[in-house]
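Counting in my numbering, the sequence shown runs from 156 upward without gaps.
The structure under discussion appears below in the form of structure tokens.
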Amino acid sequence: MSEIDLKPEGTLSLQTIAMPADTNWSGDVFGGWIVSQMDLAGAIHAERFSKGRCATIAINQMAFLVPVKVGDVISCYTKILKVGNTSIQMQIEVWDSHDDSRLAKRVTAGVFTFVAVDREGNKRQIPEELKHM
Ligand SMILES: CC(C)(COP(=O)(O)OP(=O)(O)OC[C@H]1O[C@@H](n2cnc3c(N)ncnc32)[C@H](O)[C@@H]1OP(=O)(O)O)[C@@H](O)C(=O)NCCC(=O)NCCS
Numbered sequence: 156m157s158e159i160d161l162k163p164e165g166t167l168s169l170q171t172i173a174m175p176a177d178t179n180w181s182g183d184v185f186g187g188w189i190v191s192q193m194d195l196a197g198a199i200h201a202e203r204f205s206k207g208r209c210a211t212i213a214i215n216q217m218a219f220l221v222p223v224k225v226g227d228v229i230s231c232y233t234k235i236l237k238v239g240n241t242s243i244q245m246q247i248e249v250w251d252s253h254d255d256s257r258l259a260k261r262v263t264a265g266v267f268t269f270v271a272v273d274r275e276g277n278k279r280q281i282p283e284e285l286k287h288m
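Structure below.
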């Protein structure tokens, strides 16, 4: 399948605009800023799903496909791949859409794992009934 045929997969969990302060010396947006937006989007989805706090335990399989420019709107789509006893594995895609005049482009995708934690930061069990929703 070509990039043009691809469509975002999952839930739109976060949308924001790249600002001048998010750029590097060449005017492109920092990869680290994009990863942090993905982390926020994944945490929003994981916390809604598990009904409580979550912490990021692992980030895997990241690749940056196209640069993001200042003023671009980025959209983070999240999809739960696997729910364990305490962990949630999530696919997170980032799409860039400046405006409706051109097609949205997939900027990056990665697999993040979050662990459900309690107020003290200790891992907690994900309720059994949530796993089968
Ligand atoms: C989250 C934390 C409480 C988990 O405690 P822990 O004793 O290390 O947890 P475990 O090794 O038992 O792993 C917990 C779950 O994560 C999974 N996991 C652990 N390491 C993993 C990795 N590298 N990749 C994917 N999953 C992983 C385990 O398989 C387990 O899943 P399950 O319960 O669904 O089977 C602890 O690791 C921690 O505080 N880490 C720091 C989190 C943090 O500060 N993140 C960044 C800021 S949000």
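Note that CB positions come from ideal geometry on N, CA and C, so glycine has one too.
Computed from a prediction, not measured in an experiment: that's the story for all the values here.
Measure the alpha-carbon distance for residue i versus residue j and round it to whole angstroms.
i	j	result
Tyr232	Val190	13 Å
Phe267	Thr241	14 Å
Lys278	Val238	14 Å
Gln246	Leu236	7 Å
Pro282	Gly276	17 Å
Arg208	Trp188	22 Å
Val225	Ala259	15 Å
His253	Ser181	19 Å
His287	Arg203	15 Å
Leu285	Pro163	24 Å
Exposed or buried, residue i, counting other C-beta atoms within 10 Å across all chains shown (16 or more means buried)?
i	result
Gly197	buried
Leu220	exposed
Glu248	buried
Gln280	exposed
Met174	exposed
Ile172	exposed
Ala271	buried
Ser230	buried
Gln244	buried
Ser205	buried
Gln290	For the chain, the structure presents residues 156 to 288; residue 290 sits outside this window and is missing.
Please state whether the Cβ-Cβ distance between residue i and residue j is less than 8 Å.
i	j	result
Ile214	Gly265	yes
Arg117	Trp250	No statement about residue 117 is possible, as the shown extent of the chain runs from 156 to 288 and does not include it.
Ala201	Thr263	no
Asp194	Phe185	no
Asp183	Val223	yes
Ile199	Leu169	yes
Going by DSSP, what residues sit across from residue i in a beta bridge?
i	result
Ala259	Paired residues: none, contrary to the question.
Asp251	Ile229, Lys260
Met245	Ile235, Phe267
Gln170	Ser230
Lys224	Asp183
Lys278	Val272
Worksheet entry | Secondary structure, alpha helix (DSSP H): runs of 4+ residues fully inside the region 183-218 | 186-205
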